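Enquirer:
Number of protein chains: 2
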Amino acid sequence: MPRYLEDFHEGEIWRSAPVVLSEDEIVAYAKANDPQPIHVDKVAAAAGPFGGLIASGWQIAALSMRLFIEAGGHGDSPIVGIGIDELRWKQVVRPGDTLRTVREIVSVTRSASKPDRGTLKTRVTVLNQRDEPVMTYIALGQVRARTVAAQA
Amino acid sequence: MPRYLEDFHEGEIWRSAPVVLSEDEIVAYAKANDPQPIHVDKVAAAAGPFGGLIASGWQIAALSMRLFIEAGGHGDSPIVGIGIDELRWKQVVRPGDTLRTVREIVSVTRSASKPDRGTLKTRVTVLNQRDEPVMTYIALGQVRARTVAAQA
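See below:
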């Protein structure tokens, strides 16, 4: 069932199940998308600034999306990604780390110029098994409004 | 050869070669990382808001990184990703689109509290075959300084 702008509320929180990120997943993602030694070469990474392989920051961002989508996301609602603000990588992610995502809607704003739609602002936090935030960002997404959609 | 903070300059511009993003690549990335119908299901996507498959926004972000790394990036310099600001997806990317990346260093700032390092602020733009920006963001990365590194 689709959700419309009117169905989203400030303060709404969604929490993912935890998942373990394996060395194979870290290396596979990085080989395809971010092939830096620190993400793909165990020997070079061991001699590098973090003393071992770490996950690509882009993989953590993508993972935060995947966990949400796999859990059903916003259902049938097409939410169009507008952008990302204030993304910060706060802790390195190493093979075997367990990650989970928390998403909190911080604002729901109808467009003044196009009132058939609005913007959801969501604070996304990825935490590790020590409950340390490893990445945070603000996601901006566009969603349709019911009231105008119903008139269409 | 590593580059240090002192070797980076405001206004320095790097341009990638163009690459074609195929339908297979769009679907493969999304199946692994962002399995929404609009990215993985041709039939559902055709009936959706964009009239066909479009690439995951995270894939475009990762691609902008991959093009840079594959071209040599900053050489041997370990640049630690701090964060991303003002990321905006401006145009959809469809199968067969040709993408290229432009990176411009907008500032080079030595840390006041830890003068052995500094921050590079880089404006990243991904353009399509019509020279339209499809994605823009500001990347913040930490790099070591030579002067203090030489004393170590």
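Just so you know, the protein sequences line up as chains V and C, in that order. full-length UniProt numbering puts the first residue of the first sequence at 1, with every later residue one more than the last. full-length UniProt numbering puts the first residue of the second sequence at 1, with every later residue one more than the last. Using N, Cα and C, we set each Cβ at its ideal position, and we do this for glycine too. Note that this is a predicted model, so its numbers are computed, not measured.
1. Using three-state DSSP, classify V:LYS121 as helix, strand or coil.
2. Does V:ARG130 come out as helix, strand or coil in the three-state DSSP assignment?
3. Identify which residue in V:PRO115, V:ALA139, V:VAL20, V:VAL40 has its Cα closest to the Cα of V:TYR4.
4. Between the alpha carbons of V:ILE26 and V:ILE54, how many angstroms are there, rounded?
5. Name, in chain order, the residues that DSSP records as bridge partners for C:ARG103.
6. Which of the three DSSP states is assigned to C:LEU67 in this structure?
7. Using three-state DSSP, classify C:LEU87 as helix, strand or coil.
8. Return helix, strand or coil for V:ALA55, following the three-state DSSP convention.
9. For V:GLN142, write down the residues that DSSP places opposite it in a beta bridge.
10. Can you say whether C:THR98 is buried or exposed, counting buried as having 16 or more other CB atoms within 10 angstroms of its CB?
11. Helix, strand or coil: which one does DSSP assign to V:TYR137?
12. Identify the contact partners of C:ASP34 in chain V, using a Cβ-Cβ distance below 8 angstroms as the criterion.
13. Cβ atoms of V:ALA62 and C:TRP58: under 8 angstroms apart, would you say?
14. Could you check what DSSP says for C:ALA150 in three-state terms: helix, strand or coil?
15. Roughly how many angstroms separate the alpha carbons of C:VAL20 and C:ILE60, rounded to a whole number?
16. Starting from the C-beta of C:LYS42, find all residues in its chain whose C-beta is less than 6 angstroms away, skip the five residues before and the five after it, and write them out in chain order.
17. For V:ALA47, report the span of its alpha helix (DSSP H) as first-last.
18. According to DSSP, simplified to helix, strand and coil, what is C:VAL92?
19. Buried or exposed: where does C:ALA30 fall if 16 or more other Cβ atoms within 10 Å of its Cβ makes it buried?
20. What residue range does the alpha helix (DSSP H) around V:ALA30 cover?
21. Could you work out which residues of chain C lie near V:ARG106, taking near to mean beta carbons separated by less than 8 angstroms?
22. I want to verify the contact list: residues of chain V whose CB lies under 8 angstroms from the CB of C:LEU87, in sequence order.
23. Could you name the residues that DSSP lists as bridge partners for C:VAL19?
24. Let's test the definition: count the other Cβ atoms within 10 Å of the Cβ of V:PHE50 and tell me whether it reaches 16, buried, or not, exposed.
25. Just confirm the distance between the C-beta atoms of C:PRO2 and C:SER77, as a whole number of angstroms; I'd bet it's less than 8 angstroms.
26. Based on Cα-Cα distance, which residue from C:GLY75, C:THR101, C:ILE13, C:PRO37 lies nearest to C:MET135?
27. Whole angstroms is fine: what's the gap from C:HIS74's alpha carbon to V:SER113's?
28. Indicate whether at least one CB of chain V lies closer than 8 angstroms to the CB of C:GLY57.
29. Measuring alpha carbon to alpha carbon, tell me which of V:GLY96, V:ARG103, V:PRO35 ends up nearest V:MET65.
Expert: On the basis of the supplied data:
1. Taking the first sequence and counting its residues from 1, the one referred to as residue 121 of chain V is at position 121. V:LYS121 falls in the strand class under three-state DSSP.
2. As a first step, residue 130 of chain V is located in the first sequence; it is residue number 130 there, counting from the start. Reduced to three states, the DSSP call for V:ARG130 is coil.
3. Position 4 of the first sequence, counting from 1, holds the residue named residue 4 of chain V. With distances taken between Cα atoms, V:TYR4 lies closest to V:PRO115.
4. Sequence index remark: in the first sequence, residue 26 of chain V carries index 26 (1-based). Sequence index remark: in the first sequence, residue 54 of chain V carries index 54 (1-based). Taking the straight line from one Cα to the other gives about 7 angstroms.
5. For the purposes of this step, residue 103 of chain C is taken as residue 103 along the second sequence, with counting starting at 1. C:ARG103 pairs with C:TRP14, C:VAL124.
6. As a position in the second sequence, residue 67 of chain C is number 67, starting the count at 1. Note: C:LEU67 maps to helix in three-state DSSP.
7. Taking the first residue of the second sequence as 1, we reach residue 87 of chain C at position 87. Looking at C:LEU87 - three-state DSSP - the assignment turns out to be strand.
8. Walking along the first sequence from the start, residue 55 of chain V turns up at place 55. Looking at V:ALA55 - three-state DSSP - the assignment turns out to be coil, as it is neither helix nor strand.
9. Taking the first sequence and counting its residues from 1, one reaches residue 142 of chain V at position 142. Per DSSP, V:VAL80, V:THR119.
10. For the purposes of this step, residue 98 of chain C is identified with residue 98 of the second sequence, where counting begins at 1. Label assigned to C:THR98: exposed.
11. Working through the first sequence from its first residue, we reach residue 137 of chain V at position 137. V:TYR137: strand per DSSP, three-state reduction.
12. Sequence index remark: in the second sequence, residue 34 of chain C carries index 34 (1-based). Going along chain V in sequence order, the residues near C:ASP34 (Cβ under 8 angstroms) are ALA62, MET65, ARG66, ILE69.
13. Counted from its first residue, the second sequence places residue 58 of chain C at position 58. Counted from its first residue, the first sequence places residue 62 of chain V at position 62. Yes.
14. What you label residue 150 of chain C is simply residue 150 of the second sequence in a count that begins at 1. No answer about C:ALA150 holds up, because its pLDDT of 45 lies below 50 and its placement is not dependable.
15. If you number the second sequence from 1, residue 20 of chain C lands on position 20. If you number the second sequence from 1, residue 60 of chain C lands on position 60. Approximately 12 angstroms between the Cα atoms of the pair.
16. The sequence position of residue 42 of chain C within the second sequence is 42, counting from 1. The residues are LEU53.
17. The count along the first sequence starts at 1 and reaches residue 47 of chain V at position 47. First-last for V:ALA47: undefined, no H or E at that position.
18. Along the second sequence, one-based indexing puts residue 92 of chain C at 92. Three-state DSSP puts C:VAL92 in coil, outside helix and strand.
19. For the purposes of this step, residue 30 of chain C is taken as residue 30 along the second sequence, with counting starting at 1. Buried, by the Cβ-count rule.
20. To locate residue 30 of chain V, count along the first sequence from 1; it is residue 30. Note, V:ALA30: alpha helix (DSSP H), 23-33.
21. Here residue 106 of chain V corresponds to residue number 106 of the first sequence, with the count starting at 1. A small correction: the amino acid at residue 106 of chain V is Val; Arg does not occupy that position in the sequence shown. The premise fails here: V:VAL106 is roughly 17 angstroms from chain C at the closest Cβ pair, so nothing lies under 8 angstroms.
22. Along the second sequence, one-based indexing puts residue 87 of chain C at 87. By Cβ distance, chain V contributes GLY83, ILE84, ASP85, LEU87.
23. Reading the second sequence from its first residue, position 19 is the one you call residue 19 of chain C. DSSP lists C:LEU99 as partners of C:VAL19.
24. Translated into the one-based positions of the first sequence, residue 50 of chain V becomes position 50. By the 10 Å Cβ count, V:PHE50 comes out exposed.
25. Along the second sequence, one-based indexing puts residue 2 of chain C at 2. Along the second sequence, one-based indexing puts residue 77 of chain C at 77. Going by Cβ atoms, the distance from C:PRO2 to C:SER77 rounds to 5 angstroms, so yes, they are a contact pair.
26. For this step, residue 135 of chain C is matched to residue 135 along the second sequence. Per the Cα distances, C:THR101.
27. What you label residue 74 of chain C is simply residue 74 of the second sequence in a count that begins at 1. What you label residue 113 of chain V is simply residue 113 of the first sequence in a count that begins at 1. Approximately 43 angstroms between the Cα atoms of the pair.
28. Here residue 57 of chain C refers to the residue found at position 57 when the second sequence is read from its first residue. Closer than 8 angstroms: yes.
29. Within the first sequence, the letter at position 65 stands for residue 65 of chain V. The shortest Cα separation from V:MET65 among V:GLY96, V:ARG103, V:PRO35 belongs to V:ARG103.
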